[in-house]
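For the record, in the sequence shown the residue sitting at position 46 is 46 according to the UniProt record's numbering, with numbers rising by one throughout.
Here a beta-carbon is modelled for each residue, glycine too, at the ideal position from N, C-alpha and C.
These numbers were taken from a predicted model, which means no experiment stands behind them.
Here's the structure we're looking at; comments come further down.
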Amino acid sequence: MAATAETSDSETAARCDAIWANAAASLERDGYAVLPALLTPDQCTKLADIYPQDARFRSRVVMARHNFGRGEYKYFAYPLPPFIDRLRHALYRRLAPIANRWNRQLGVDVQYPADLKAFLAHCRAAGQTRPTPLMLRYGPGDYNCLHQDLYGEHVFPLQVAIVLSAPEVDFTGGEFVMTGTRSSGQYADVVPLMQGDAVVFAVNERPEVAGRARKVTMRHGVSVVRSGTRYTLGMIFHDAREPSASA
């Protein structure tokens, strides 16, 4: 049994490395990458079941009130649910080397620490203390306008969204959309995602061509949900500033 377990662990590690190698190539080329079946259907259901538990969250945003689109989302409070906290740390460790490479290519004199805890300490020192992982809920007719998730001085250039609901079963429509603006013009991509799939994407700017300083400005959003309910887990790695006293 031990040999079987070791083989299984080795195969899992190799598969994980291959997925991330493909993701890094896709991020360099397109500014986004899909991590297929990052979560199981059972994990997705358990996470979506957290949404009504208001004590888990620090705030709720009704998007129409702010001209963000339609639908709503909630920011988690600290401490994060343990599974989400572990996932955030694990994803950051994989993404930090890519983020550092992008900054070198763009000539940005910022390098991110290998560990999320150290990066969040930088955020806290700059007054960015509010957690940014969030859960979004869309119903029929809901959508998310194209936007960027920037919350303060310290911005980690990659973030992750995980679809918790099953397309064509739990909802229809609601496609993940990315746009880019570069020297040659604008473009848009619709990213097909299944339940449990994660999409890693640029928060703001990314290099256009590896090794060159030209950059693409990225935005993301969600098209109109036609029917059903779509839940998404959003994983942002920089925390947000506290609101000003006059706010």
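Taking one C-beta from the region 164 to 179 and one from the region 216 to 235 each time, how about it: are there three or more such pairs within less than 8 Å? Between the region 164 to 179 and the region 216 to 235 there are three or more inter-stretch CB-CB distances shorter than 8 Å, so the stretches are counted as touching.
Closest Cα partner of residue 72 within the set 231, 239 and 241: Counting from one through the sequence shown, the residue named residue 72 turns up at place 72. It is 231 whose Cα lies nearest to the Cα of residue 72.
So if DSSP puts residue 47 in a beta bridge, which residue, or which two residues, is it bridged to? Taking the first residue of the sequence shown as 1, we reach residue 47 at position 47. For residue 47, which the question treats as bridged, DSSP gives no partner whatsoever.
Are the beta-carbon atoms belonging to residue 94 and residue 116 less than 8 Å from one another? Taking the first residue of the sequence shown as position 1, residue 94 is located at position 94. Taking the first residue of the sequence shown as position 1, residue 116 is located at position 116. Cβ atoms of residue 94 and residue 116: not closer than 8 Å.
Secondary structure, alpha helix (DSSP H): runs of 4+ residues fully inside the region 108 to 159: Listed in chain order, the alpha helix (DSSP H) elements of length 4 or more contained wholly in the region 108 to 159 are 116 to 125.
Taking Cβ to Cβ, would you say residue 32 is nearer than 8 Å to residue 199? In the sequence shown, residue 32 corresponds to position 32, counting from 1. In the sequence shown, residue 199 corresponds to position 199, counting from 1. Cβ distance < 8 Å, so residue 32 and residue 199 count as in contact.
Residue 195 (DSSP reduced to helix, strand or coil): Taking the first residue of the sequence shown as 1, we reach residue 195 at position 195. Residue 195 falls in the coil class under three-state DSSP.
Alpha carbon of residue 49 to alpha carbon of residue 214, nearest angstrom: For this step, residue 49 is matched to residue 49 along the sequence shown. For this step, residue 214 is matched to residue 214 along the sequence shown. Spanning the two alpha carbons is a distance of roughly 43 Å.
Does DSSP put residue 162 in a helix, a strand or coil? As a working note, residue 162 is residue 162 in the sequence shown. DSSP, reduced to helix, strand and coil, places residue 162 within a strand of the structure shown.
For residue 195 and residue 37, what's the separation of their Cα atoms in angstroms? By one-based count along the sequence shown, residue 195 stands at place 195. By one-based count along the sequence shown, residue 37 stands at place 37. Between residue 195 and residue 37, the C-alpha separation is close to 7 Å.
Based on the DSSP output, what are the partners of residue 69 in its beta bridges? The count along the sequence shown starts at 1 and reaches residue 69 at position 69. The bridge partners DSSP lists for residue 69 are 144.
Return helix, strand or coil for residue 238, following the three-state DSSP convention. Position 238 of the sequence shown, counted from the start, is the residue given in the question as residue 238. In this structure, residue 238 counts as coil in the three-state DSSP scheme.
Identify which residue in 59, 154, 90 and 39 has its Cα closest to the Cα of residue 108. For the purposes of this step, residue 108 is taken as the residue at position 108 of the sequence shown. Of the listed residues, the one whose Cα sits closest to residue 108 is 154.
Inter-residue spacing [alpha-carbon to alpha-carbon] between residue 137 and residue 46: Within the sequence shown, numbered from 1, the residue matching residue 137 stands at position 137. Within the sequence shown, numbered from 1, the residue matching residue 46 stands at position 46. Spanning the two alpha carbons is a distance of roughly 15 Å.
Just to confirm before moving on: does the CB-CB distance between residue 75 and residue 132 stay below 8 Å? For the purposes of this step, residue 75 is taken as residue 75 along the sequence shown, with counting starting at 1. For the purposes of this step, residue 132 is taken as residue 132 along the sequence shown, with counting starting at 1. Yes; because the gap between Cβ atoms is below 8 Å, this pair is in contact.
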